[in-house]
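Residue numbers (full-length UniProt numbering): 1 to 474. The structure appears right after this line, and notes come after that.
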Ligand SMILES: *Cc1c(COP(=O)(O)O)cnc(C)c1O
């Protein structure tokens with residue numbers, strides 16, 4: 001019989017009986033099984049064959065697809081092993097982006113994590129005495145030196161620090177908070193709920209826009225255990241407003257024998273105004289104003305890992321440390337190693353804008369970002385032509401993560417416009433960018449896809465993907 005015409009065979013549909021048996025497919029893929037073991041490869045092979053069988057029954061499976069079963073199976077196995085958490089390019093214009101993992105760790109912190117975590121370490125072991133140690137001892141002296149505090153401890157994040165502080169200082173009693181500071185930070189963290197979870201009774205004083213010293217004084221009773229201040233982070237109250245600052249509130253609290261706790265949210269440890277950035281209240285200033293406890297995040301302006309830092313008086317921090325909740329909220333060794341290395345960078349303030357990525361990105365000059373945009377414009381324009389146009393534009397970056405909500409940093413980047421078809425096409429482009437091996441995250445605003453280049457420190461990570469982007473758009 002003459003060989004059938006190739007085009008006919010390749011164009012023809014496969015039937016379920018054309019599919020190989022599972023065992024046969026696994027034998028054909030012996031090297032894959034040898035590399036990854038039977039469990040994963042057989043599981044993926046079964047799922048692959050099941051899917052093909054359904055399509056064959058529906059008459060939708062081309063015979064030619066059966067020739068590529070081995071590479072298809074290998075690709076499925078690779079896809080299963082690829083981590084779902086991936087590195088992306090943050091061109092969103094928000095430097096400390098909560099959804100993109102907040103602060104980038106400094107090299108020193110990354111090296112410390114790598115060096116320590118494959119090895120036993122002295123996390124809770126006293127190398128001088130050979131006895132049991134406390135992880136706080138590794139970091140407390142440094143935090144006290146940097147903030148002027150008498151005592152310090154660290155927990156899993158700032159939400160935990162606030163919860164723990166209130167639980168340790170006011171459980172079963174009342175805590176006073178201004179109505180203007182009953183904030184919600186990202187969905188599930190609402191101060192009234194945190195109070196309830198900590199077992200304290202919330203006493204609200206003042207109004208949404210104005211709270212005065214006498215409001216606090218009148219709310220104090222024998223049931224009061226704590227006064228709490230929360231810094232406006234992800235919102236701003238503007239216009240006819242009044243709040244009582246820590247320096248005014250501390251003597252009121254202390255006259256009544258109460259501790260004053262303040263939640264700074266994003267705690268910068270250095271004066272940002274020195275770097276030409278909007279000023280942010282410092283923990284050291286809050287302690288000097290008389291606060292007994294100050295809490296702030298490790299992965300916002302501090303530029304470290306997720307952590308909650310608690311600094312304050314020996315008495316208040318001592319009570320916090322003794323709370324049974326402290327053990328449940330303690331900082332794990334991985335972020336602990338990164339936090340210590342990050343804090344040590346602050347011992348060299350002259351080097352900070354170079355060594356700490358968060359500060360380096362926030363202080364990046366607009367001219368430098370604009371020059372980068374001009375360099376990348378022709379490459380991106382070639383990749384998205386002919387359906388899109390690309391121009392260099394001035395932009396405003398945001399600091400992000402609840403810090404300094406109304407402040408903007410002059411920046412620059414690339415604006416992509418659809419030359420026809422409008423919104424739908426921009427969405428498709430944004431989807432293609434997110435589909436790259438190193439997903440590119442921009443933002444769509446006023447019918448333009450904006451790529452703010454402030455956080456692009458390695459332009460090759462973008463340009464090396466533009467060929468692929470062009471293929472995806474074709
Ligand atoms: C961000 C923030 C928190 C929560 O801090 P995490 O480290 O994200 O847990 C709490 N309070 C304020 C004011 C904040 O800005």
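Note that the Cβ used here is the ideal one computed from N, Cα and C, for glycine as well. The structure displayed is predicted, hence computed values, not measured ones.
- A Cβ-Cβ contact shorter than 8 Å links residue 175 with residue 225.
- Runs of the beta strand (DSSP E) spanning 3 or more residues and lying entirely within the stretch 108-171 occur at 151-155, in chain order.
- Secondary-structure assignment with DSSP links residue 397 through a beta bridge to 409.
- An exposed status is given to residue 239, since fewer than 16 other beta-carbon atoms sit within 10 Å of its beta-carbon.
- Nearest Cα to residue 356 within the set 384, 56, 108 and 34: 108.
- Here residue 465 is near residue 438, since their CB atoms are less than 8 Å apart.
- Set against 7 Å, the gap from the CB of residue 38 to the closest heavy atom of ligand 1 is not smaller.
- Beta-bridge annotation (DSSP): residue 380 is not paired with any residue.
- For the pair of segments examined, the stretch 127-135 was found not to touch the stretch 342-353: the number of CB pairs separated by less than 8 Å stays below three.
- Spanning the alpha carbons of residue 268 and residue 282 requires a straight line of approximately 6 Å.
- Residues of the same chain with a CB within less than 8 Å of the CB of residue 414, apart from the 5 flanking positions on each side, are 373, 376, 377, 380, 390, 391, 392, 393, 450, 451 and 453 in chain order.
- Across the set 112, 216 and 198, the C-alpha of 198 shows the shortest separation from the C-alpha of residue 329.
- In the DSSP assignment, residue 97 falls outside any alpha helix (DSSP H), carrying neither H nor E.
- Under the three-state reduction of DSSP, residue 21 is assigned to coil, being neither helix nor strand.
- Judged by their CB atoms, residue 177 and residue 204 are nearer to each other than the 8 Å cut-off.
- Separation of residue 33 and residue 446 (C-alpha to C-alpha, rounded to the nearest whole angstrom) is 51 Å.
- Comparing alpha carbon positions, the residue from 196, 359 and 182 closest to residue 173 is 196.
- In the displayed model, residue 312 falls within a strand according to three-state DSSP.
- Just so you know, the alpha carbons of residue 366 and residue 336 end up roughly 34 Å apart.
- Residue pairing by DSSP places residue 263 opposite 230 and 295 in a beta bridge.
- Spatial neighbours of residue 161 in its own chain (CB-CB distance under 6 Å, excluding positions within 5 residues in sequence) are listed in chain order as 155, 295, 308 and 310.
- Taking the Cα positions, residue 116 is about 28 Å away from residue 324.
- Per DSSP, reduced to three states, the secondary structure at residue 418 is strand.
- Short note on residue 212: C-beta not closer than 7 Å to any heavy atom of ligand 1.
- The C-beta of residue 157 has 16 or more other C-beta atoms within 10 Å across all chains shown, which makes the residue buried.
- Residue environment analysis places residue 221 among the exposed positions, since fewer than 16 neighbouring C-beta atoms fall within 10 angstroms of its C-beta.
- In this structure, residue 159 has its CB closer than 7 Å to one or more heavy atoms of ligand 1.
- Shown here, residue 447 sits in coil according to DSSP, grouped into three states, outside any helix or strand.
- The distance from the Cβ of residue 353 to that of residue 360 is about 6 Å, consistent with a contact at the 8 Å cut-off.
- In this chain, the alpha helix (DSSP H) harbouring residue 34 covers 30-36.
- Ligand 1 has no heavy atom closer than 7 Å to the beta-carbon of residue 166.
- As computed with DSSP, residue 209 is found in no beta bridge at all.
- A Cβ-Cβ distance of about 4 Å is found for the pair residue 151 and residue 317, placing them in contact under the 8 Å criterion.
- DSSP lists 414 as the beta-bridge partner residues of residue 392.
- Counting the other Cβ atoms within 10 Å of the Cβ of residue 425 gives 16 or more, which makes it buried.
- With respect to residue 213, residue 202 sits apart: the two C-beta atoms are not nearer than 8 Å.
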